[in-house]
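Undergrad:
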Amino acid sequence: MTLNMALPSPAWAEPRQGAFVLSAQGSQNFEALMQQAESIALEFIEQSFAQSPSVTEVSVMVVGEHNGQEVPLLSSRVSRSSWQAEPRLHAWTEYFGSAEILLGFIKPQQPVATASAPPVPAFDPVGASMTDREPNFYD
106 MTLNMALPSP
116 AWAEPRQGAF
126 VLSAQGSQNF
136 EALMQQAESI
146 ALEFIEQSFA
156 QSPSVTEVSV
166 MVVGEHNGQE
176 VPLLSSRVSR
186 SSWQAEPRLH
196 AWTEYFGSAE
206 ILLGFIKPQQ
216 PVATASAPPV
226 PAFDPVGASM
236 TDREPNFYD
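Heads up: the sequence shown runs through residues 106 to 244, numbered per the numbering used here.
1. Just to confirm the assignment, what range does the beta strand (DSSP E) spanning F125 have?
2. By a C-beta neighbour count over all protein chains shown, 10 Å radius and 16 as the cutoff for buried, is G169 buried or exposed?
3. How do the stretch 154 to 162 and the stretch 137 to 146 stand: do at least 3 beta-carbon pairs fall below 8 Å, yes or no?
4. Return the first residue and the last residue of the beta strand (DSSP E) that L179 is part of.
5. Buried or exposed: where does H171 fall if 16 or more other Cβ atoms within 10 Å of its Cβ makes it buried?
6. Give me the Cα-Cα distance between S187 and S181, rounded to the nearest whole angstrom.
7. With DSSP collapsed to three states, give me the class of S187.
8. Are there 16 or more other CB atoms within 10 angstroms of the CB of A118, so buried, or fewer, so exposed?
9. Once you ignore the five residues that flank Q122 on each side, which residues in its own chain have a CB closer than 6 Å to its CB?
10. Going by the DSSP bridge assignment, what does S132 pair with across the sheet?
11. Would you mind working out which of P192, P177 and G173 sits nearest E151, comparing C-alpha positions?
12. What did DSSP end up calling S164 once you bin it into helix, strand or coil?
13. Identify which residue in T161, L179, E148 and Q174 has its Cα closest to the Cα of E136.
14. Quick one: using the 10 Å Cβ neighbour count with 16 as the cut-off for buried, is V126 buried or exposed?
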């Protein structure tokens, strides 16, 4: 006697990953670049879940390019159940705060010169010990 067991087919968890490079156009400012990055990430997440029910998690990274520099702008990672519970990009996204400076949209502030006390001369132990009052001092 043989037993034929019907085993359920395994449900494969399918993570989906996307990476995008977004180039700043001409005089585009950083805020506009970030809005584009968010739109790309949101569209990728929504389409990934809508196109395939087997997708269980979506990760997306958007990198910005400006003047030859490439810097991460944002990174999102969300499961299908989390996205269904709260479909807001901001809830699942890490923003890279230094991207605006690293891409050259703003220049880092230079330290402001403050009024300071006059410089104190360094102590010279050899010079302090050699005076014309030394017993071995010769003219």
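Backbone N, C-alpha and C fix where the C-beta goes; we use that ideal spot for every residue, glycine too.
TA: Straight from the coordinates:
1. E119 to S128
2. buried
3. no
4. Q174 to S184
5. buried
6. 12 Å
7. helix
8. exposed
9. S164
10. DSSP output for S132 lists no bridge partner at all.
11. P192
12. strand
13. L179
14. exposed
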